[in-house]
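For the sequence shown, position 70 matches number 70 in my numbering, and the numbering has no gaps at all. We put the beta carbon where it would ideally sit given N, CA and C, even for glycine. Working notes, beginning with the structure itself.
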Amino acid sequence: MTQATNPADIGASLVADERVLVLDFGSQYAQLIARRVREQHVYCEIVRHDISIEAIEQRQPKGLILSGGPNSVYETGAPRCNPRLFELGIPVLGICYGMQ
């Protein structure tokens, strides 16, 4: 990575080096979560909760955020992520529904 002196260049270099994925379970706050991450000069992408493990690995995120959602985890057919997600060695933050 090159040495950046301009504040705009510093932000650009962070965006290139770091990436966080927000797995969206239907939360009305997914956009707000992503915006807060981006305000920290980290590239953040909102993706569907059922994104494939291969697609996650291809993006090489530094972290995953599982958003909340309007459903109950106890409902039949409630949205779920692939359990292999937790075997990738990537830090995961679950919020509300995403934590359950």
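8 Å Cβ cutoff met for residue i and residue j
i, j, result
"Val134", "Leu21", "Residue coverage of the chain in this structure runs from 1 to 100, which leaves residue 134 outside it and unanswerable."
"Leu23", "Ile65", "yes"
"Ala55", "Cys44", "no"
"Gly63", "Leu93", "yes"
Coil, strand or helix - residue i by DSSP
i, result
"Arg80", "coil"
"Ile90", "coil"
"Val22", "strand"
"Glu45", "strand"
"Ile95", "coil"
"Ile65", "strand"
"Gln50", "In the sequence as displayed, the identity of residue 50 is Asp instead of Gln. Residue state, collapsed to three classes: coil."
"Gln58", "helix"
"Gln40", "coil"
Whole-Å CB distance - residue i paired with residue j, under 8 Å assumed
i, j, result
"Glu71", "Ile53", "The residue you asked about is not Glu; residue 71 is Asn in the sequence shown. With a Cβ gap of about 22 Å, Asn71 and Ile53 do not count as contacting."
"Ser27", "Gly77", "Ser27 to Gly77, Cβ: 18 Å. No contact."
Other residues of its chain near residue i: CB distance less than 6 Å, five sequence neighbours each side excluded
i, result
"Ala30", "Val22, Asp24, Ile46 and Ser67"
"Arg38", "Cys44"
Cβ-based neighbour list, residue i, same chain, cut-off 7 Å, excluding 5 preceding and 5 following
i, result
"Pro61", "Arg19, Val20, Leu21 and Ile90"
Residues near residue i by beta carbon distance below 8 Å, same chain, minus five either side
i, result
"Glu57", "Leu88"
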